[in-house]
Structures are given as C-alpha cells and as structure tokens.
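Reviewing the structure listed below.
Numbering (the UniProt record's numbering), first residue to last: 1 to 163.
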C-alpha cells in the first residue's frame with residue numbers, strides 16, 4: 001500500500017485497538033469504558049482488502065453499475081459505514097459493502113515502489129498532525145468518572161453539565 005494512505009492505516013489501527021480487551025482497565029476495552037456498551041467486532045475487516053460497495057446512491061442514472069472494485073481504508077467515525085477508495089481515487093462511505101479479505105489490490109499496483117521509504121520530513125509532517133499526550137495510570141479513574149458523568153448529567157435540553 002502506498003505511504004500516502006498511512007494516516008488511514010493509523011486511524012484504522014486505533015479503531016481496532018480501542019476494541020481490544022486490556023488488563024490495565026479491568027479486562028474491559030477503552031470503547032466499553034467510554035460508551036458503556038459492549039464491543040462489536042463485526043465492523044473489523046482486513047485493512048486494504050478488496051471490497052465491493054453498493055454505489056447506487058452515488059450514480060446519476062439508474063442503469064449505471066451498482067458496484068465497483070474498491071479498497072477498504074477504514075471505518076467512518078461520523079457515519080455508519082466503511083471508508084473505501086474507488087479505482088478512480090474517489091472516496092466513498094457506505095454501510096452496504098461486500099468484502100474479499102483474501103485479496104489486496106495494492107499488491108498488484110503498478111506504480112507502487114516496494115523500495116519506497118519515508119523521509120525525515122514525512123515524520124515531521126505526521127507529528128504535526130498528531131499530538132502525542134501521555135496520561136498517568138491513575139488518571140484513568142478520572143476518565144471513568146467523566147464518562148459516567150457524561151452519561152448521567154444531561155439536562156432536559158440535551159446540554160451536558162460539567163461535574
């Protein structure tokens with residue numbers, strides 16, 4: 001997979017890690033602590049695999065193709081659906097997708113240089129995009145309290161009251 005999709009790979013890895021059980025938080029997942037609901041592994045698919053989305057909502061004419069080959073780039077946080085890139089480079093988000101998790105289109109990508117490496121400037125750009133913050137272990141108790149307060153302290157108008 002070309003390096004320009006590294007950010008999507010990183011985001012999808014974080015999505016997956018947040019749904020893994022951790023002994024540090026009492027054999028729960030960060031997702032369970034934040035949303036007070038059980039984890040759902042059904043959305044986790046192999047990153048970069050071939051997929052075939054239902055494209056009818058994106059097409060202008062009803063006789064256009066209903067699907068085309070795409071590459072899975074992740075899961076949308078803002079919408080219920082998968083983020084995929086079509087052969088034209090266009091990004092789609094939809095929930096109706098079929099996956100072929102045994103085939104990776106970028107393995108046959110003709111312009112992909114397998115000896116491609118990252119420059120030091122690439123790391124500078126990435127570090128500017130992501131702010132690394134470390135929290136002490138005991139701050140997890142504060143996080144749990146804030147998550148519980150968020151779930152129970154909404155007023156009638158839907159505004160959150162801070163503890």
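Ideal Cβ placement from N, Cα and C applies to all residues, glycine included.
Let me know the secondary structure DSSP gives residue i once reduced to three states.
| i | result |
| --- | --- |
| residue 94 | strand |
| residue 2 | coil |
| residue 56 | helix |
| residue 22 | strand |
| residue 99 | strand |
| residue 36 | coil |
| residue 44 | coil |
My guess is that residue i and residue j are in contact by the Cβ rule of under 8 Å, so how many angstroms apart are they, rounded?
| i | j | result |
| --- | --- | --- |
| residue 97 | residue 51 | 5 Å |
| residue 85 | residue 77 | Residue 85 to residue 77, Cβ: 17 Å. No contact. |
| residue 21 | residue 33 | Residue 21 to residue 33, Cβ: 11 Å. No contact. |
Tell me whether the beta-carbon of residue i lies closer than 9 Å to the beta-carbon of residue j.
| i | j | result |
| --- | --- | --- |
| residue 19 | residue 31 | yes |
| residue 94 | residue 74 | no |
| residue 47 | residue 72 | yes |
| residue 99 | residue 45 | yes |
| residue 23 | residue 69 | no |
| residue 63 | residue 55 | no |
Tell me the DSSP bridge mates of residue i?
| i | result |
| --- | --- |
| residue 50 | 71 and 100 |
| residue 82 | 75 and 94 |
| residue 28 | 22 |
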